[in-house]
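Here is the structure we will look at.
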Amino acid sequence: MWIGMSCFCYCAGPSGRSIKVIMIQLRRTRTLKERLKTRIRRARGDVFVPRDFADLGEYDSVKRALRQLIVEGEIARLGYGVYARVKTNGLTGRPMLAVRGGFDGAVRQTLSKLKVDWRESDTVRQYNNGRTTQVQANPVFEVQSRFNRKLRYRNLEARFEKPYA
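Per numbering that gives the first Met the number 0, residue 0 is the first one in the sequence shown, and the count goes up by one each step.
The structure is reproduced here in structure tokens:
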């Protein structure tokens, strides 16, 4: 779709008289996918949900554009309705999460964005306090409320547990 913009300018005609000239400049409107790319590039956070783009278009259109961005390698899908920023790894040339803290940081941002009450698991707290040397390969979080989504990226998957009373 093109939008025309016009402006007026007065020029000297062949007889030396001033004539009014209308100049029309055509400008192409940006597609939804281009607007999503711009919004993702300028965003402060690294994790996105479709409601972040609700002002840009209908839900189905936004989801379709997000799927196109996944295919192009601009973003990665972490789970149902959760997407994260991706960048190219300089060593391998493969895409990787561009989230501060890696996959663990992406899960933390997702839980915060979805307003889920959570805290680190007991094993992580013990490691941070120096009581154990075991490091968990996949992040584990204690969620206070009901949270039933699966969040994964490649071979990493977050686990969610109910806290012990």
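No residue lacks a Cβ here, since even glycine has one placed at the ideal position from N, Cα and C.
Straight-line Cα distance separating residue j from residue i
| i | j | result |
| --- | --- | --- |
| Trp117 | Val142 | 4 Å |
| Arg148 | Arg26 | 43 Å |
| Arg43 | Asn128 | 31 Å |
| Val134 | Leu155 | 14 Å |
| Ala105 | Arg158 | 13 Å |
| Glu33 | Asp59 | 16 Å |
| Phe52 | Gln67 | 15 Å |
| Arg99 | Leu90 | 18 Å |
| Phe146 | Phe140 | 11 Å |
Cβ pair residue i, residue j closer than 9 Å
| i | j | result |
| --- | --- | --- |
| Ala75 | Leu31 | no |
When the options are compared against residue i, the one with the closest alpha-carbon
| i | options | result |
| --- | --- | --- |
| Leu55 | Ala105, Pro94, Asp45, Thr37 | Thr37 |
| Val123 | Arg158, Pro138, Arg50, Asn88 | Pro138 |
| Pro49 | Glu33, Tyr79, Arg41 | Tyr79 |
| Ile69 | Glu119, Thr91, Ala83 | Ala83 |
| Lys161 | Thr87, Arg151, Ser144, Val81 | Ser144 |
| Leu113 | Gln67, Gly92, Val46, Arg151 | Val46 |
Close-in-space but distant-in-sequence residues of the same chain around residue i (CB under 8 Å, 5 per side omitted)
| i | result |
| --- | --- |
| Val85 | Gly72, Glu73, Ile74, Ala75, Pro94, Met95, Leu96, Ala97 |
| Tyr152 | Ala75, Leu77, Ala83, Leu96, Phe102, Ala105 |
Sequence-distant residues of its chain with Cβ nearer than 6 Å to residue i (five each side left out)
| i | result |
| --- | --- |
| Gln125 | Thr131 |
| Leu110 | Trp117 |
Sheet register partners of residue i (DSSP bridge)
| i | result |
| --- | --- |
| Phe159 | Phe140 |
| Thr87 | Pro94 |
| Gly44 | DSSP lists no partner for Gly44. |
Spatial neighbours of residue i in its chain, beta-carbon cut-off 7 Å, leaving aside the 5 residues before and after
| i | result |
| --- | --- |
| Val115 | Val142, Ser144, Phe146 |
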